[in-house]
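Peer 1: The structure follows.
2 protein chains.
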Amino acid sequence: MAKLQKSIEKRNALIKATIELVNNNGFHATPMSKIAKMANVSPATIYLYFENKQDLVNQTYVEVKAEYTKYAFETYDENMPIEKGFKLIWKRIADFKLKECESAMFLAQCDNTPMIDEISRQEGIKHLQPLLNLWARGKNEGIIKPISDYLLYAYAINPLSFLMISQKRGAITLDANHIEEAYEAAWSSIKVCK
Amino acid sequence: MAKLQKSIEKRNALIKATIELVNNNGFHATPMSKIAKMANVSPATIYLYFENKQDLVNQTYVEVKAEYTKYAFETYDENMPIEKGFKLIWKRIADFKLKECESAMFLAQCDNTPMIDEISRQEGIKHLQPLLNLWARGKNEGIIKPISDYLLYAYAINPLSFLMISQKRGAITLDANHIEEAYEAAWSSIKVCK
DNA sequence: AATAAAAGAATGAACGTTCATTTTTTAATA
DNA sequence: TATTAAAAAATGAACGTTCATTCTTTTATT
Numbered sequence: 001m002a003k004l005q006k007s008i009e010k011r012n013a014l015i016k017a018t019i020e021l022v023n024n025n026g027f028h029a030t031p032m033s034k035i036a037k038m039a040n041v042s043p044a045t046i047y048l049y050f051e052n053k054q055d056l057v058n059q060t061y062v063e064v065k066a067e068y069t070k071y072a073f074e075t076y077d078e079n080m081p082i083e084k085g086f087k088l089i090w091k092r093i094a095d096f097k098l099k100e101c102e103s104a105m106f107l108a109q110c111d112n113t114p115m116i117d118e119i120s121r122q123e124g125i126k127h128l129q130p131l132l133n134l135w136a137r138g139k140n141e142g143i144i145k146p147i148s149d150y151l152l153y154a155y156a157i158n159p160l161s162f163l164m165i166s167q168k169r170g171a172i173t174l175d176a177n178h179i180e181e182a183y184e185a186a187w188s189s190i191k192v193c194k
Numbered sequence: 195m196a197k198l199q200k201s202i203e204k205r206n207a208l209i210k211a212t213i214e215l216v217n218n219n220g221f222h223a224t225p226m227s228k229i230a231k232m233a234n235v236s237p238a239t240i241y242l243y244f245e246n247k248q249d250l251v252n253q254t255y256v257e258v259k260a261e262y263t264k265y266a267f268e269t270y271d272e273n274m275p276i277e278k279g280f281k282l283i284w285k286r287i288a289d290f291k292l293k294e295c296e297s298a299m300f301l302a303q304c305d306n307t308p309m310i311d312e313i314s315r316q317e318g319i320k321h322l323q324p325l326l327n328l329w330a331r332g333k334n335e336g337i338i339k340p341i342s343d344y345l346l347y348a349y350a351i352n353p354l355s356f357l358m359i360s361q362k363r364g365a366i367t368l369d370a371n372h373i374e375e376a377y378e379a380a381w382s383s384i385k386v387c388k
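Top to bottom, those sequences are chains A and B. Heads up: the first sequence begins at 1 in the working numbering, then just goes up one per residue. Heads up: the second sequence begins at 195 in the working numbering, then just goes up one per residue.
Following this line, the structure appears as structure tokens:
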């Protein structure tokens, strides 16, 4: 495999096709041949870029996860006050999940199945550090509840995945108003209540 | 497949095996042959109880979902005051997700992938009605935020799935204290703040 | 001309499902 | 009750298909 000099676009096309097909049919029903076809490439070519199917999916996961967190923290600055910083990150995440809904769908599917290697999963978690730091600071200042980061994540961030999936399935349509309500729910679940 | 008179146990064994194998390997990596082996049955026998693999998974989903909601509402009475009723249902759900963690895992996987037919999914949602009624009542009384049921579910109930998965993966261990904290987060996210 | 990239066709393994047969259960008869 | 016939349930092996992956050949690049 090594590194191919050329054609990063071909790699991108393969990753894009993987996301789309896995979203719509699930891992079990997306053959390499279909991925190749959607990316306008021969099945054999996939193996110039990826070791095998598992590797293709793992790499897709890590790459999408990185994009996601890059977007989430792009405008955040570690010196911001807690609530302002949280709101900023939260809104960016919400924004990503609604705009890049294909990517977000894919992540949700990976995060809830044994589709992905544990190693790639760990790799994906790393990028979340700035949010954990913010929470640590918030706990110190008595603004954020002194509870486990997993609990904070479960209530502050994870619900967005559920909402995104519901929207993708056509069960709801989220407008700016809903997002504001969701933010209020998220914030009130983790802030210290006076 | 008509109804078989005998051997409801064989059907149950098949469903149990399906849950366990799909949890650990995902749909795509659980062949019928393995399901048969784990249920101590010939592969051919599966087809006496289920039309095909998809049908087996669909039926497993609907059955587990029914168990889940049956458990959730078992001790609930429609005349309870809002907060008390909500707490009761919430605790039962938490209880189920931690005790019947295999079942809950399976549901989470189904709810986040295209593994399940849309029809079976709809079938599974029906059973949630008592909770929606409670919320309607709560909104009327000004106790619960006047927001979409999907938002309420996303913040009050869905986080438990995330926590359960994290626990199953060994990332956390939830004790009674965590559960209490989680309940507080859930309630504060949906109650009207005075 | 030499090398790297891509292609299509080929391969072997694995899978879901069915088939032909056997085993077990039920019902009928004496 | 004992024996036998019929029906139901269960089985292991086999089938046809699909899939991931590899092999060989062609095309593009330097």
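C-beta atoms are modelled at their ideal positions from N, C-alpha and C, and glycine is treated no differently. On a predicted model such as this, the values are computed, not experimentally measured, just so you know.
Identify the continuous alpha helix (DSSP H) that holds T60 of chain A and give its terminal residues.
Peer 2: 53 to 73 is the extent of the alpha helix (DSSP H) around T60 of chain A.
Peer 1: Given that a residue counts as buried once 16 or more other Cβ atoms are within 10 Å of its Cβ, and exposed if not, what is A2 of chain A?
Peer 2: With a pLDDT of only 37 at A2 of chain A, under 50, the local geometry of the prediction cannot be trusted, and the value read off the model is given with reservation. It is exposed - the Cβ of A2 of chain A has fewer than 16 other Cβ atoms within 10 Å.
Peer 1: Per DSSP, K385 of chain B is paired with what?
Peer 2: BP columns for K385 of chain B point to B:I338.
Peer 1: Against chain A, does L357 of chain B count as a neighbour if the rule is that its beta carbon must be under 8 Å from one of theirs?
Peer 2: For L357 of chain B, the answer is yes, since a Cβ of chain A falls inside 8 Å of its Cβ.
Peer 1: Suppose you measure from the CA of D343 of chain B to the CA of I116 of chain A; what does that come to, to the nearest Å?
Peer 2: Taking the straight line from one Cα to the other gives about 32 Å.
Peer 1: Count the other C-beta atoms from every protein chain shown that fall within 10 angstroms of the C-beta of T269 of chain B, then say buried if there are 16 or more, exposed otherwise.
Peer 2: Exposed.
Peer 1: Out of B:P225, B:I373, B:F290, state which residue places its alpha-carbon closest to the alpha-carbon of K262 of chain B.
Peer 2: Reading the sequence as shown, one finds Tyr at residue 262 of chain B and not Lys. Cα-wise, what sits closest to Y262 of chain B is B:F290.
Peer 1: Of all Cβ atoms in chain B, is any one closer than 8 Å to the Cβ of Y150 of chain A?
Peer 2: Yes, its Cβ sits closer than 8 Å to a Cβ of chain B.
Peer 1: Any C-beta of chain A sitting closer than 8 Å to the C-beta of P308 of chain B?
Peer 2: Yes, P308 of chain B counts as interfacial toward chain A.
Peer 1: For the alpha helix (DSSP H) containing E294 of chain B, list its first residue and its last residue.
Peer 2: That residue, E294 of chain B, is in no alpha helix (DSSP H); it is neither H nor E in DSSP.
Peer 1: Which runs of the alpha helix (DSSP H) at least 4 residues long sit entirely within the segment 318 to 370 of chain B? Give them in chain order.
Peer 2: Correct list: 323 to 334, 343 to 350, 353 to 362.
Peer 1: Within 8 Å of any Cβ in chain B, is that where the Cβ of A185 of chain A sits?
Peer 2: Cβ-Cβ to chain B under 8 Å: yes for A185 of chain A.
Peer 1: Find the residues of chain A that neighbour N218 of chain B, judging by a C-beta separation of less than 8 Å, and give them in chain order.
Peer 2: Result: P114.
Peer 1: Classify V386 of chain B: buried if its beta carbon has 16 or more other beta carbons within 10 angstroms, exposed otherwise.
Peer 2: Label assigned to V386 of chain B: exposed.
Peer 1: Output the distance between the C-alpha atoms of A13 of chain A and Q129 of chain A, rounded to the nearest integer angstrom.
Peer 2: Whole-angstrom Cα-Cα distance: 30 Å.
Peer 1: How would you list, in chain order, the residues of chain B whose beta-carbon sits under 7 Å from the beta-carbon of P159 of chain A?
Peer 2: Under the 7 Å cutoff, chain B gives A348, Y349, N352, P353.
Peer 1: Measuring only the C-alpha atoms, how far is E335 of chain B from H127 of chain A?
Peer 2: Going from the Cα of E335 of chain B to the Cα of H127 of chain A covers about 43 Å.
Peer 1: Pick helix, strand or coil for E78 of chain A, following the three-state DSSP scheme.
Peer 2: Three-state result, E78 of chain A: coil.
Peer 1: Candidates B:I313, B:L301, B:S382: which alpha carbon is nearest G220 of chain B's?
Peer 2: Of the listed residues, the one whose Cα sits closest to G220 of chain B is B:L301.
Peer 1: Counting only C-beta atoms, is K3 of chain A closer than 8 Å to chain B at any point?
Peer 2: Note that K3 of chain A has pLDDT 43, beneath the 50 cutoff, so the model's placement of it is unreliable and no number is given.
Peer 1: Expressed to the nearest angstrom, what Euclidean distance is found between the alpha-carbon atoms of T367 of chain B and A298 of chain B?
Peer 2: Approximately 16 Å between the Cα atoms of the pair.
Peer 1: Using DSSP with H/G/I as helix, E/B as strand and the rest coil, what is A39 of chain A?
Peer 2: In this structure, A39 of chain A counts as coil in the three-state DSSP scheme.
Peer 1: Would you call the segment 221 to 240 of chain B in contact with the segment 274 to 282 of chain B, where contact means no fewer than 3 C-beta pairs closer than 8 Å?
Peer 2: Segments in contact, no.
Peer 1: Quick one: using the 10 Å Cβ neighbour count with 16 as the cut-off for buried, is Q384 of chain B buried or exposed?
Peer 2: The question names Gln, yet the displayed sequence has Ile at residue 384 of chain B. Classification of I384 of chain B: buried, given that the 10 Å Cβ count is 16 or more.
Peer 1: Once the 5 residues before and after T30 of chain A are set aside, which same chain residues still bring their CB inside 7 Å of it?
Peer 2: The residues are L21, V22.
Peer 1: By how many angstroms is the C-alpha of K53 of chain A removed from the C-alpha of A39 of chain A?
Peer 2: About 15 Å.
Peer 1: State the DSSP-derived secondary structure class of K3 of chain A, mapped to helix, strand or coil.
Peer 2: Because the pLDDT of K3 of chain A is 43, which lies under 50, any placement of that residue in the model is unreliable, and the number read from its coordinates should be weighed accordingly. Coil.
Peer 1: So, N371 of chain B versus S314 of chain B, is the Cβ gap smaller than 8 Å?
Peer 2: Cβ distance not < 8 Å, so N371 of chain B and S314 of chain B don't count as in contact.
Peer 1: Closer than 8 Å by C-beta to E257 of chain B: which residues in its own chain qualify, once you throw out the five before and the five after it? Chain order, please.
Peer 2: Here the set comprises I209.
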